[in-house]
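First the structure, in the form of structure tokens, and then the observations on it.
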Amino acid sequence: MKIVVHIDEAAQWQAALAEALPQATVLTSEAPADERKDADYLAIWKAPAHLLQEQTQLKGIINLGAGVDYLLKTPGLPSDVPIVKLRDAGMGELMADYAFYGVLHFYRSMDRYSEQQQNATWKPQEVVEKSQWPVGVLGLGAIGSFVASALEQAGFPVLGWSRSPKQIRGVHCFHGDDGLSELLGQVQSLITILPDTAATQHILNAERLAQLPQGASVINPGRGSLIDEQALLEALGSGNQPGHLRGALLDVFQEEPLPTDNPLWQHPKVIVTPHMAAPTPLNDAIDQVIAYLHAFESGEKLSTINPEAGY
Ligand code: NDP
45 MKIVVHIDEA AQWQAALAEA LPQATVLTSE APADERKDAD YLAIWKAPAH LLQEQTQLKG
105 IINLGAGVDY LLKTPGLPSD VPIVKLRDAG MGELMADYAF YGVLHFYRSM DRYSEQQQNA
165 TWKPQEVVEK SQWPVGVLGL GAIGSFVASA LEQAGFPVLG WSRSPKQIRG VHCFHGDDGL
225 SELLGQVQSL ITILPDTAAT QHILNAERLA QLPQGASVIN PGRGSLIDEQ ALLEALGSGN
285 QPGHLRGALL DVFQEEPLPT DNPLWQHPKV IVTPHMAAPT PLNDAIDQVI AYLHAFESGE
345 KLSTINPEAG Y
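Everything in the sequence shown is counted per this note's numbering, starting at 45 for the first residue and increasing by one.
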């Protein structure tokens, strides 16, 4: 079995795979073209098109992350090769930390203290009960459902939304357009953990942002394409024109790295993080990659991605 790996720090992945699969030939994409071209499997993250185009006998592609948006847009992606992606693999916990940080930032008024500190104002803000701070989670997949459950266990009322109907203990689950409007109308903090697909493009547009209650906050570690950035800026308002929304914590953007002249960098109600919410943790992920390879080899039925749906 020949596996070619492409990801940052590929040498570490190569070493871990080679150790777990001593019979396999494990190469990185840095190997000479004639060695890497007849791979059985690609284990990749943001691979260059040529790595896909040069393959002749691929049996499977393992996407070393949760989002397949980049892979599906890569020219030369074969249509007849099954694709699997990492599911949770330790990312749920990292994402839950990020989401918690965002919810607590607004719930415990850290944004207001930061503003007060500018002019040495000593003024404790009211602390409402968690039961009065409903949190919305858009996307209830491997990561989103982990985040929703973690927030629910911490005491926040959690409302979730997905494409198909779901049942998650303690989480009020919605689906469909009406379900989305119902959810948006009730939440104090909204977390978007949807994939980037044709159907989710600008799902938070001006109209939907306006459906959030006055003073709600938005936390987006999903994908930049989910939010119309211009509509978000308008909803956040500016110094002399206070907006409908209280603030935003954003990890992902329409264009990454976020261009230095993008007004989100300077907006006082926005926290920008550089797409770091849930990097793929090698140790958790490697076990899943090995399990995928065994399953491919033994002809087991795998839960592959749906290229038409885009995730
Ligand atoms: P999954 O594929 O497991 O789940 C996707 C969820 O989104 C599912 O609940 C799905 O609904 C829902 N969904 C998809 N399309 C729609 C739609 N049109 N309307 C409503 N719901 C929809 O993904 P993960 O949970 O593993 O990851 C989610 C995303 O998080 C990734 O695609 C990636 O973009 C992002 N991510 C960001 C990271 C970061 O560091 N910033 C790290 C990891 C992931 P259903 O359940 O009905 O299929």
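Where is the CB? At the ideal position from N, CA and C, for every residue including glycine.
Model, not experiment: these values are computed from the prediction.
*Beta-carbon separation of Val231 and Gly180 under 7 Å?*
yes
*Hey, could you find the ends of the alpha helix (DSSP H) Ala192 is sitting in?*
Ala186 to Gln197
*Kindly list the residues whose CB is nearer than 8 Å to the CB of Lys81, restricted to its own chain and excluding five residues on each side of it in sequence; keep chain order.*
Glu98, Gln99 and Thr100
*asked:* Could you tell me which whole beta strand (DSSP E) segments of length 3 or greater appear in the segment 302-326?
replied: 314-316
*In chain order, what residues of the same chain lie with their CB nearer than 6 Å to the CB of Thr72, ignoring the 5 residues before and after it?*
Val49, Ala54 and Gln58
*Buried or exposed: where does Arg213 fall if 16 or more other Cβ atoms within 10 Å of its Cβ makes it buried?*
exposed
*Check whether the Cβ of Asp221 lies closer than 6 Å to any heavy atom of the ligand NDP, and answer yes or no.*
no
*Enumerate, from N- to C-terminal direction, the unbroken beta strand (DSSP E) stretches of 3 or more residues contained entirely within the segment 131-184.*
179-182
*Helix, strand or coil for Ile2 per DSSP?*
Nothing in the structure corresponds to residue 2, since the chain is present only between 45 and 355.
*Helix, strand or coil for Tyr355, going by three-state DSSP, please let me know.*
coil
*By Cβ distance below 6 Å, which residues in the same chain neighbour Ala64 in space, the five residues on each side in sequence not counted?*
Ile334
*Identify whether Ser261 lies in helix, strand or coil by the three-state DSSP scheme.*
strand
*Hey, would you say Thr236 sits closer than 7 Å to Asn264, going by beta carbons?*
yes
_What does the Cβ neighbour count give for Val359, buried or exposed, with the cut at 16 atoms within 10 Å?_
Here the chain comprises residues numbered 45 to 355, so residue 359 is not present and cannot be evaluated.
_Identity of the residue in Pro307, Gly283 and Gly266 nearest Ala275 by Cα_ = Pro307
*asked:* Suppose contacts are defined by Cβ-Cβ distances below 7 Å. Is Ser261 in contact with Phe144 by that definition?
replied: no
*Rounded C-beta distance between Leu61 and Ile51? I'm assuming under 8 Å.*
Not quite, the Cβ-Cβ distance comes to about 11 Å (not below 8 Å), so this is no contact.
_Let me check understanding here. Comparing Cα to Cα, which of Ile330, Leu289, Lys345 and Ala93 lies closest to Gly134?_
Ile330
_Counterpart residues of Phe218 in DSSP-defined beta bridges_ = Trp205
*Name the DSSP beta bridge partners of Gly104, please?*
Tyr85
*asked:* Tell me whether Gly111, by its Cβ, gets closer than 6 Å to a heavy atom of the ligand NDP.
replied: yes
*asked:* Among the candidates Ala110, Tyr114, Lys345 and Lys167, whose CA atom is the shortest distance from the CA of Leu130?
replied: Ala110
*With a floor of 4 residues, list each alpha helix (DSSP H) that falls wholly inside the segment 242-299, ordered by position along the chain.*
250-255 and 273-280
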